[in-house]
Amino acid sequence: MSADNRPLRPVRGWDLLWRGSFAAQHGNSEYVIDVDYFDFSERIHLYCDGALLDIKKSPATFALNADTEVVAAMSLYGMKRVDLIDRARGATTHFQPRAGTAEAWRAALAQRHPILSRWIGIASWTVLACAAATQLPVLFNSSVAQLTGSPLPQLELPVWLNTMLGIAGLLAALDRALQLKYNRWLDD
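Going by the working numbering, the first residue of the sequence shown is number 0, and it counts up by one from there.
This is the structure:
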C-alpha cells in the first residue's frame, strides 16, 4: 500500500490490549512500526517522524534507502522481530516499545524488578514446554495417528488441570510476546 501521510496516533488507554508500537532513531528521524494484533490481515504500518510512510503485510521489509531497511514480522501473540538494518554501518538496531504499550510495561517491570522478571520468564518457558509435552500427543493422535494407525501414548489429565494448563499456556505465550522473545517451536 502507499502512504497517505496519516498521522501516528498516540498509544492510550485500552490500546495496550491490542496494539503494538515500536520506535527507533535513524539519522535525524524517528521510525515507528505500529501494529494492531487483532488485524487478521497482519498489516504493519511504518511511520517516519509521525507520518505514515507505508503499510505492508507481515512479514514486511521496508527499504528506507539503498543500504537501510526495516524488517518486521508478527507471530501468533505479538512480534517476532522489529529491526532496522543498516548495511553501510554493519549494524542492526532493535526497535524499542513505545510508552503506553504492553511491551513497554513489561520492559519497565524487567528494569525495576529484574529477579521477578527472570522468574516470570522461567515460569513462562516451563509452562509452554509442559503444555507442548502434554498437548502434542493429543494433536498427533487426532490427526496423523488416524492415518498411520499408530497413536502416541498420552497423559489423561483431569478437565480442570487441562483447562488450567491451557490458560497458563496463553498467559505464558503472552509474556514471551511482551518481551519480544520468539522461538518457532514454542511460540507459533
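Where is the CB? At the ideal position from N, CA and C, for every residue including glycine. These figures come from a predicted structure and were not determined experimentally.
Strand pairing of residue i, partner residues [DSSP]
{"i": "C47", "result": "Y30 and A50"}
{"i": "D35", "result": "R18"}
{"i": "K55", "result": "I43"}
{"i": "V158", "result": "DSSP output for V158 lists no bridge partner at all."}
{"i": "R80", "result": "A72"}
{"i": "Q24", "result": "E29"}
{"i": "P96", "result": "F21"}
Beta-carbon gap between residue i and residue j smaller than 8 Å
{"i": "V31", "j": "A22", "result": "yes"}
{"i": "G168", "j": "V126", "result": "yes"}
{"i": "I43", "j": "A59", "result": "yes"}
{"i": "G77", "j": "L7", "result": "no"}
{"i": "I114", "j": "D174", "result": "no"}
Distance between beta carbons of residue j and residue i, contact taken as under 8 Å
{"i": "L15", "j": "T147", "result": "Incorrect: roughly 45 Å between the Cβ atoms, too far for contact."}
{"i": "S123", "j": "A90", "result": "S123 to A90, Cβ: 30 Å. No contact."}
{"i": "E41", "j": "M73", "result": "5 Å"}
{"i": "R97", "j": "V10", "result": "6 Å"}
Endpoints, beta strand (DSSP E) assigned at residue i
{"i": "F61", "result": "A59 to A62"}
{"i": "A71", "result": "T67 to M73"}
Range covered by the alpha helix (DSSP H) that runs through residue i
{"i": "A87", "result": "Segment: none, A87 is in no alpha helix (DSSP H) and carries neither H nor E."}
{"i": "A130", "result": "P113 to S141"}
Separation of residue j from residue i, as counted between CA atoms
{"i": "T92", "j": "A109", "result": "20 Å"}
{"i": "V137", "j": "S149", "result": "13 Å"}
{"i": "A71", "j": "R18", "result": "15 Å"}
{"i": "D188", "j": "S20", "result": "The displayed coordinates of the chain run from 0 to 187. Any statement about residue 188 would go beyond what the structure contains."}
{"i": "I28", "j": "C47", "result": "According to the sequence provided, residue 28 is Ser. The question's Ile does not apply to it. Going by the C-alpha atoms only, they are around 7 Å apart."}
{"i": "P157", "j": "V143", "result": "24 Å"}
{"i": "Q95", "j": "L151", "result": "43 Å"}
{"i": "G49", "j": "S116", "result": "32 Å"}
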